[in-house]
Amino acid sequence: MDDENIDRVYVHIPFCGTKCGYCAFHSLASPNESLIMSYLERLREEISCCAYKLMPLKSLYIGGGTPSFLQEIYLEKLFDILGNFKFAKDVEISIECNPESLTESKIKLISSFANRVSIGVQSFNKAHRKTIDRRGEADNLETILALFVENRISNISCDLIYGIPSQSLESFKSDLTRLISLPIKHFSAYSMIIEENSRLNSVFSDREIEEADEVSAEIWDTIPALAKAAGFSRYEISNYSKTSFECLHNYAIWFGAKYIGFGPSASSFDGKIRWTNPEFNEWLIRRQPLIDDISYPQRVFEIMAMGLRTAEAWHFKIRADGKVEIESRFGIVFCLDEFYWRRLLEKINSLSDKKLLILEGSLQEGLTVKSSEMGLNFWNDLAIEII
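Going by numbering that gives the first Met the number 0, the residue at position 304 of the sequence shown is 303; the numbering climbs one at a time, nothing skipped.
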């Protein structure tokens with residue numbers, strides 16, 4: 000791995016107050032002080048080994064878990080550790096928060112380090128929050144947003160979840176209408192997937208889940224128009240933003256940017272190989288990560304499909320040597336031999352015939368490829384055909 004060419008970092012905070020019923024991510028609920036300190040000591044060791052080799056970071060994303068669950072004394076230690084990185088002048092530093100774990104003093108501390116926050120609202124409806132095991136209420140969101148703005152963070156994103164059993168279309172529209180009336184620049188709306196190893200999988204019947212899926216389809220069709228009316232543009236399947244407020248970290252990762260993930264279960268990508276750190280206990284004792292080593296052409300196909308989750312285009316151009324270069328707005332260039340780019344072009348033309356992709360130009364002069372609105376709606380089908 001060439002550390003010197005990497006300028007994006009993800010840090011995983013595995014802790015939260017309680018585990019949400021739908022969650023299948025790696026997280027530890029209500030950890031004790033000893034566990035948190037062990038985590039921070041191991042994280043400091045992991046970061047200090049390579050932070051000095053990295054380029055000034057263009058983006059740093061602190062996710063979880065619930066990073067804002069940490070008490071201020073631990074957040075201060077975390078930010079001190081992350082201060083080992085060099086930062087580009089226009090770096091985007093994002094941190095995930097939940098409303099119930101934020102206080103005025105914690106907001107001030109977070110604002111002293113980050114410049115973008117992502118708040119997990121999920122729903123304002125108390126019954127729905129109880130269904131999915133969300134702690135506390137979200138009724139204080141307006142106060143929280145005002146405090147972040149007061150502390151000079153205006154780049155604020157919020158998450159909503161739909162597809163909660165017993166949730167109606169009108170109930171979700173009420174949540175979204177309230178959210179987009181607030182001073183936020185970005186929101187994500189995710190369809191809830193009840194994973195086999197989540198608590199909710201044992202609570203709801205197959206019929207209840209099927210009914211929730213039917214309502215989810217109605218909600219999916221409703222979101223774009225409501226968002227557009229409030230000045231938000233859809234730039235990815237589940238993500239909407241005001242102009243110039245896309246999440247730059249995620250955007251770059253979708254298009255194949257190199258990044259390093261620190262912490263348990265964090266993934267990394269060096270342009271060719273992906274690897275994922277082990278879960279908490281194995282990570283603490285320095286077990287080796289799991290390597291996902293597939294062929295370079297297959298990796299390019301995979302990244303191509305990920306980029307097509309967005310409204311952004313890929314740019315293709317044939318070189319004098321017969322190879323094709325594939326580039327995105329992020330300046331990341333992939334190159335395919337004729338055998339592989341012809342295979343990819345066949346897939347692209349087939350998807351264009353199905354109205355899932357929009358093609359403009361030619362390989363000789365420059366071909367642009369992006370998803371249509373239908374392509375975003377049926378991205379799973381599109382991705383299967385490409386990969």
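From the three backbone atoms N, C-alpha and C, an ideal C-beta is built for every residue, glycine too. Keep in mind it's a predicted model, so treat the numbers as computed, not measured.
> Between which two residues does the alpha helix (DSSP H) containing Leu-42 stretch?
Replying inline: On the sequence shown, position 43 is the one that residue 42 refers to. Where Leu-42 is concerned, the enclosing alpha helix (DSSP H) stretches over 32–47.
> Starting from Phe-387 and walking both ways along the beta strand (DSSP E), at which residues does that stretch end?
Replying inline: Outside the modelled stretch of the chain, which goes from 0 to 386, sits residue 387, for which no answer is possible.
> If you run the structure through DSSP and keep just helix, strand and coil, what is Leu-355?
Replying inline: Stepping through the sequence shown from its first residue, residue 355 is reached at position 356. DSSP places Leu-355 in coil when its eight states are reduced to three.
> With which residues is Asn-326 paired in a DSSP beta bridge?
Replying inline: Within the sequence shown, residue 326 is the residue found at index 327, counting from 1. Here residue 326 is Glu; the residue named in the question, Asn, does not match the sequence. Answer by DSSP bridge pairing, in chain order: His-314, Val-332.
>> Tell me the residue span of the alpha helix (DSSP H) that contains Phe-431.
In response: The requested residue 431 does not occur in the structure, where the chain is confined to residues 0 to 386.
>> Using 8 Å as the cut-off, can you tell me whether the region 367–385 makes contact with the region 331–342, which would need three or more C-beta pairs spanning the two stretches below that distance?
In response: no
> With Phe-123 and Arg-41 assumed to form a contact (beta carbons below 8 Å), what rounded beta-carbon distance in angstroms separates them?
Replying inline: Here residue 123 is taken as the residue at index 124 of the sequence shown, counted from 1. Here residue 41 is taken as the residue at index 42 of the sequence shown, counted from 1. Contact doesn't hold; Cβ gap of about 37 Å is too wide.
> What residue range is occupied by the uninterrupted alpha helix (DSSP H) comprising Phe-171?
Replying inline: Along the sequence shown, read from residue 1 onward, the residue named residue 171 stands at position 172. 168–179 is the span of the alpha helix (DSSP H), which, as asked, contains Phe-171.
> Hey, Tyr-60 and Tyr-9 are a contact pair by Cβ (cut 8 Å); roughly how many whole angstroms apart?
Replying inline: Here the question's residue 60 lines up with position 61 in the sequence shown. Here the question's residue 9 lines up with position 10 in the sequence shown. Right, their Cβ atoms sit about 5 Å apart.
> The alpha helix (DSSP H) spanning Asp-79 covers which residue range?
Replying inline: If you number the sequence shown from 1, residue 79 lands on position 80. Where Asp-79 is concerned, the enclosing alpha helix (DSSP H) starts and stops at 71–81.
>> For Leu-381 and Glu-326, what's the separation of their Cα atoms in angstroms?
In response: Here residue 381 refers to the residue found at position 382 when the sequence shown is read from its first residue. Here residue 326 refers to the residue found at position 327 when the sequence shown is read from its first residue. Their Cα atoms are separated by approximately 19 Å.
>> Whole angstroms are fine: how far does the CA of Pro-277 sit from the CA of Arg-286?
In response: If you number the sequence shown from 1, residue 286 lands on position 287. If you number the sequence shown from 1, residue 277 lands on position 278. So the two alpha carbons sit approximately 7 Å from each other.
> If you draw a straight line from the alpha carbon of Leu-362 to that of Lys-316, how long is it in whole angstroms?
Replying inline: Sequence index remark: in the sequence shown, residue 362 carries index 363 (1-based). Sequence index remark: in the sequence shown, residue 316 carries index 317 (1-based). Taking the straight line from one Cα to the other gives about 5 Å.
>> Please list the terminal residues of the continuous beta strand (DSSP E) segment that includes Gly-64.
In response: One-based indexing of the sequence shown puts residue 64 at position 65. First-last for Gly-64: undefined, no H or E at that position.
> Since Glu-213 is in the alpha helix (DSSP H), which residue starts that stretch and which ends it?
Replying inline: As a working mapping, residue 213 is identified with position 214 in the sequence shown. Here the alpha helix (DSSP H) through Glu-213 covers 205–228.
> In the DSSP assignment, what residue or residues form a beta bridge with Thr-309?
Replying inline: Stepping through the sequence shown from its first residue, residue 309 is reached at position 310. Thr-309 is bridged to Glu-235.
>> Between which residues of its own chain and Leu-159 is the CB-CB distance below 8 Å, once the five residues before and five after are set aside?
In response: Walking along the sequence shown from the start, residue 159 turns up at place 160. Val-120, Gln-121, Ser-122, Phe-171, Asp-174, Leu-175, Leu-178, Phe-186, Ser-187, Ala-188, Tyr-189, listed in sequence order.
> Would a C-beta distance cut-off of 7 Å place Val-368 and Leu-355 closer than the cut-off?
Replying inline: For the purposes of this step, residue 368 is taken as residue 369 along the sequence shown, with counting starting at 1. For the purposes of this step, residue 355 is taken as residue 356 along the sequence shown, with counting starting at 1. For Val-368 and Leu-355, no; Cβs fall outside 7 Å.
>> Quick check for students: name the residue ranges of the beta strand (DSSP E) that lie wholly in the region 126–167, counting only runs of 3 or more.
In response: 155–161
>> When you compare the CB positions of Tyr-258 and Arg-7, do they come within less than 7 Å of one another, or not?
In response: Counted from its first residue, the sequence shown places residue 258 at position 259. Counted from its first residue, the sequence shown places residue 7 at position 8. Yes.
> Excluding sequence positions up to five away, which residues of its chain have a Cβ less than 7 Å from the Cβ of Lys-353?
Replying inline: The count along the sequence shown starts at 1 and reaches residue 353 at position 354. The answer is none, since no qualifying residue turns up.
> For Glu-301, which residues from the same chain have a beta carbon less than 7 Å from its beta carbon, with the 5 sequence-adjacent residues on both sides left out?
Replying inline: Counting from 1 along the sequence shown, the entry for residue 301 is found at position 302. Excluding sequence neighbours, Glu-301 sits near Ile-386.
> For Ser-237, which option in Glu-75, Asn-31, Met-191, Leu-168 has the closest C-alpha, if you only look at C-alpha atoms?
Replying inline: Residue mapping note: residue 237 aligns to position 238 of the sequence shown, counting from 1. Comparing Cα positions, the closest option is Met-191.
>> Using a Cβ-Cβ cutoff of less than 8 Å, which residues in the same chain neighbour Ile-131 once the five nearest sequence positions on both sides are dropped?
In response: For the purposes of this step, residue 131 is taken as residue 132 along the sequence shown, with counting starting at 1. Counting only Cβ-Cβ distances below 8 Å, and skipping sequence neighbours, we find Cys-19, Gly-20, Tyr-21, Gln-121, Ser-122, Ile-160, Ile-163, Met-191, Leu-199.
>> For Pro-182, tell me which candidate among Phe-329, Ser-104, Gly-230 has the shortest Cα-Cα distance.
In response: By one-based count along the sequence shown, residue 182 stands at place 183. When each option's Cα is compared against that of Pro-182, the closest is Gly-230.
> For Ile-290, which residues from the same chain have a beta carbon less than 6 Å from its beta carbon, with the 5 sequence-adjacent residues on both sides left out?
Replying inline: To locate residue 290, count along the sequence shown from 1; it is residue 291. These residues qualify, in order along the chain: Trp-274.
> What are the residues that DSSP puts in a beta bridge with Gly-255?
Replying inline: For this step, residue 255 is matched to residue 256 along the sequence shown. In the DSSP output, where bridge partners are listed per residue, Gly-255 has none listed.
>> On the CB-based measure, 16 or more other CB atoms within 10 Å of its CB, does Asn-280 come out buried or exposed?
In response: Counting from 1 along the sequence shown, the entry for residue 280 is found at position 281. The residue in question, Asn-280, is exposed, as its Cβ has fewer than 16 Cβ neighbours within 10 Å.
> So the alpha helix (DSSP H) Asp-380 belongs to, where does it begin and stop?
Replying inline: For this step, residue 380 is matched to residue 381 along the sequence shown. Taken as a continuous stretch (DSSP letters only), the alpha helix (DSSP H) holding Asp-380 covers 378–385.
> Measuring CA to CA, which of Ser-33, His-127, Leu-77 is closest to Gly-262?
Replying inline: For the purposes of this step, residue 262 is identified with residue 263 of the sequence shown, where counting begins at 1. When C-alpha distances from Gly-262 are compared across Ser-33, His-127, Leu-77, the shortest belongs to Leu-77.
>> Using the Cβ count rule (16 or more neighbours within 10 Å means buried), how would you classify Cys-246?
In response: Along the sequence shown, read from residue 1 onward, the residue named residue 246 stands at position 247. Around the beta carbon of Cys-246, 16 or more other beta carbons lie within 10 angstroms, which makes this residue buried.
> Got a sec, what are the start and stop residues for the beta strand (DSSP E) Phe-279 sits in?
Replying inline: Residue 279 sits at position 280 when you count from the first residue of the sequence shown. Not the beta strand (DSSP E): Phe-279 falls in the alpha helix (DSSP H), residues 279–283.
> Quick one: is Ala-137 buried, meaning 16 or more other Cβ sit within 10 Å of its Cβ, or exposed?
Replying inline: One-based indexing of the sequence shown puts residue 137 at position 138. It counts as buried.
>> Can you look up Tyr-21 in the DSSP assignment and give me helix, strand or coil?
In response: For the purposes of this step, residue 21 is identified with residue 22 of the sequence shown, where counting begins at 1. Tyr-21 falls in the coil class under three-state DSSP.
>> According to DSSP, simplified to helix, strand and coil, what is Arg-286?
In response: Start at 1 with the first residue of the sequence shown, and residue 286 comes out as number 287. Residue state, collapsed to three classes: coil.
>> Check for me: the beta strand (DSSP E) holding Leu-366 runs from which residue to which?
In response: One-based indexing of the sequence shown puts residue 366 at position 367. Start and end: 365–370.
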